[in-house]
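Report on one structure; see the data block that follows.
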Amino acid sequence: MALSIALNVSQLAFVLLLSPLFAGILARCKEIVQSKRGPSLLQPYRDLRKLFGKDERVPQDSSWIFRATPYVVFVVPLIVTLLIPVLTDFPLFLAFAGDMLAAGFIFAISGFFFTLAAIDGGNPYGAMGASRTRMVGFLAEPVIIVVLFTVSFVANSTIPYIVQQHWVHPIANFFSPSHILLLIAFFMIILAETGKLPVDNPSGHFELAMIDESKVLEFSGRGAALIKYGGYMKFTVLAVVFLNVLLTPWGLAQAGSPADVALAVMAVALKIVALSLGIVIVESSFAKLRLFRIAEFLGAAFVVSVTAMVTQLLRL
Amino acid sequence: MSLLSELNALALGLFIISTIAMTVTRQIGACIQIFVVQSLLLAASAFLLGASTPSWHLIALGCVTVIGKAISIPWLLRALVPSEIHRTRELSQTIDAPTALLAALGLTLLGYAFGAHIVGAAPNLSSGNVSMGIAALLVGLLLLAVRIEAVPQLLGILAMENGAFLAGIAIAPDFPLIAELAIAFDVLLLGFIVALLTRAAYRRIGTTEVGGLSALRERIK
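Order-wise, the sequence lines are chains A and B. Heads up, the first sequence stops at 316 in this note's numbering, and the numbers go up one at a time, no gaps. Heads up, the second sequence stops at 1221 in this note's numbering, and the numbers go up one at a time, no gaps.
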């Protein structure tokens, strides 16, 4: 009992403390690849401290949704953290409270509030960004559903702890086509959902081309800090789901001893850095797609996920 | 399920995806590269089936595929087709990309259904190869219908041919090598002729949109 609580707290601490660092590493690597020096790895922490220390300004005609949204965006990734294997191999408290589909729905709550708040703020760019995010969102939805459907089809479960075990016992499962194709589809979804390059330019500051960034424009002070922090954690959590459940289910703590957990922290952090390098390569080698080409990008992800299902059917 | 057959199934999945990718890629250069990938995956499937049966015919066939389709045909296309065509960024299509994607998806499922029927009649075949081969055949046909320009149309024919081969190596693993070689040279010749025709057409009329040539008119002087 006490061990479970300690492990859950350490998982939350992992996501809370290290996700700005992962964002910093991603930004720095990207700058280095593009022959620039880039900001310090700790820059996200400094940004957060600066924003937390500033006054908050709220648009005059906005409703409670605008004020509540930063907290929702901040809390949602932490709730999902409780459901997924971040550091441990074995299920903790809430492991059976929700599956991967539930995690998707919980993330949808934050997306819903964020969209409303962007419109609520009254900034025209906010509304535009909100509608674009919804467009990306509803195109990504069928892919997520088919991916999860295939996962449950292959592993007979969508509980992440069970799915994770399925790929490595026996190891032949790891090379099954449905697994590899699922990985490709899920990676494309991560790029779309966290606003990475072929879909959205995270470092772009041109309002007309923004998708994700334009929703943040009206937030200031603590609200902006919480939303930024929530964004960092969302990326970390999605990366953890991708890595620990689907791609590399190795290196997690098999028992609850502190040494095991410390090793798992290092292993998971290394994996996330490796994934960030992959994203850096993608972000540096593709140009941003035109808005109406995003449908094709996500259409391709959909084709990949359906092919994953078909090849799974073929083996029967 | 052994590792070899899993890897074969993986090659099949990537094969059908590369075939679908050829229907929506907008650059000729990328299209040719995807065709190379597709041919390499066909060869990989032949190697894997050859290793699991074991059959020397299939391994030789894989080598012929690599030399003929993954090396010679792209080289022919690069050497013979004028470089202006390779630099064209936006290929024209008769239907837009999302529609083509959905159609390709439908054809894949259709191919899967057909394949399941055929394999149901003779269950000892490598079922995946037959299904995905038929699916690639159908998607290649779609590619032929969707594209207007000559080079992608040629790639459509070659994709169909790859699909037929993929099904063929599962149905007849001990097909005589001389026949395989004949087919490989046939394809090479086809590529050569179409590339030359493309070159001539481009020189004479300044376009390779052969799909638009169905309504020829006499020039009135």
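Just so it is clear, CB atoms sit at the ideal spot from N, CA and C, and this is done for glycine as well. If you're wondering where the values come from, they're calculated on a predicted model, not measured in any experiment.
query	result
Contact set between the region 284 to 305 of chain A and chain B, restricted to residues whose Cβ is under 9 Å from the partner	R293, A295, E296, G299, A300, F302, V303 and V304
Same chain, Cβ closer than 8 Å to L191 of chain A, neighbours up to 5 away in sequence not counted	L197, P198, V199, I279 and V282
Under 7 Å by beta carbon: chain A residues contacting L1177 of chain B	Per Cβ cutoff of 7 Å: no residues; L1177 of chain B is ~28 Å from chain A at best.
Beta-carbon contacts of V1194 of chain B that lie in its chain and below 7 Å, excluding the five residues immediately before and after	A1150 and L1154
Bounding residues of the alpha helix (DSSP H) (the contiguous stretch that carries W64 of chain A)	W64 to L83
Neighbour-count burial assignment, S1039 of chain B, 16 or more Cβ in a 10 Å radius	buried
Whole-number beta carbon distance between A301 of chain A and M128 of chain A, since they are thought to touch under 8 Å	With 8 Å as the limit, M128 of chain A and A301 of chain A do not qualify as a contact, their Cβ atoms being about 24 Å apart.
Option nearest V1037 of chain B by Cα separation, candidates B:L1105, B:G1111, B:T1208 and B:L1012	B:L1012
Members of the region 1020 to 1039 of chain B near chain A, C-beta cut-off 9 Å	I1020, A1021 and V1024
Candidates A:T307, A:C29 and A:T236, of which the one nearest I180 of chain A by Cα	A:T307
Local Cβ density within 10 Å of W250 of chain A, reported as buried at 16 or more and exposed below that	exposed
Contacts of A97 of chain A in chain D (Cβ-Cβ under 8 Å)	No chain D appears in this structure, whose protein chains are A and B.
8 Å contact criterion, which L78 of chain A and A224 of chain A should meet: CB distance rounded	Incorrect: roughly 18 Å between the Cβ atoms, too far for contact.
Under 8 Å between C-beta atoms of A1159 of chain B and F1035 of chain B	yes
Proximity to H169 of chain A [Cα-Cα], best of A:T248, A:P70 and A:S10	A:T248
Limits of the alpha helix (DSSP H) - the one that S1298 of chain B falls within	Only positions 1001 to 1221 of chain B appear in this structure, which leaves residue 1298 of chain B out of reach.
Contact list for the region 166 to 196 of chain A against chain B, Cβ threshold 7 Å	A172, F175, S176, P177, I180 and L181
Among B:A1145, B:I1169, B:P1098 and B:L1105, nearest to V1130 of chain B - alpha-carbon criterion	B:I1169
Partners in chain A for A1009 of chain B, counting only beta-carbon separations shorter than 8 Å	S176, P177, T311, L314 and R315
Opening and closing residue of the alpha helix (DSSP H) in which R290 of chain A lies	R290 of chain A -> no alpha helix (DSSP H), and no H or E assigned at all.
Where A253 of chain A sits in the DSSP three-state scheme	strand
Proximal chain B residues relative to T150 of chain A, where beta-carbon distance stays under 8 Å	None at all; the shortest Cβ gap to chain B is about 12 Å.
Supposed close pair L226 of chain A, F74 of chain A - CB separation, criterion 8 Å	4 Å
Integer Cβ distance of I84 of chain A from P160 of chain A, believed to fall under 8 Å	5 Å
Close-in-space but distant-in-sequence residues of the same chain around L1041 of chain B (CB under 6 Å, 5 per side omitted)	A1011, L1014 and F1015
Proximity below 8 Å, CB of S220 of chain A to CB of R46 of chain A	no
Residue range of the alpha helix (DSSP H) that includes H1057 of chain B	W1056 to T1065
Within-8 Å CB hit, V307 of chain A to chain B	The identity of residue 307 of chain A in the sequence shown is Thr, whereas the question assumes Val. Interface residue, yes.
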